[in-house]
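Numbering (my numbering), first residue to last: 96 to 173. All C-beta atoms in this analysis are idealised placements derived from N, C-alpha and C, irrespective of residue type, glycine included. All values reported here derive from a predicted model rather than from experimental measurement.
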């Protein structure tokens, strides 16, 4: 990812579903709970997600990306 210090994300270590939401915009959104680039990524709560989506709903010059993936336990190889 160009322009970001984050090249990977640390998994929680728990099995289940991990989700990532990315906003690409020409300027940083004014959301007081949004971590600074040098801080750890935020684990979104429902209130964060709602405010995030409302903020970007009116922004025509941004793109939102979402992905999820399942984290499974590693199986032993014989």
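Original post:
Under the three-state reduction of DSSP, which class applies to residue 148: helix, strand or coil?
Top reply: helix
Subject >> Host beta strand (DSSP E) of residue 113 (start-end) >> reply: 111 to 119
**OP:** Kindly indicate which residue of 112, 128, 114 and 134 has the alpha-carbon position closest to the one of residue 146.
**Re:** 128
**OP:** Below 8 Å on the Cβ atoms is my guess for residue 111 versus residue 166; work out the distance and round it to an integer in Å.
**Re:** 6 Å
**OP:** Report, in whole angstroms, the separation of the C-beta atoms of residue 130 and residue 137, which I expect to be a contact under 8 Å.
**Re:** 5 Å
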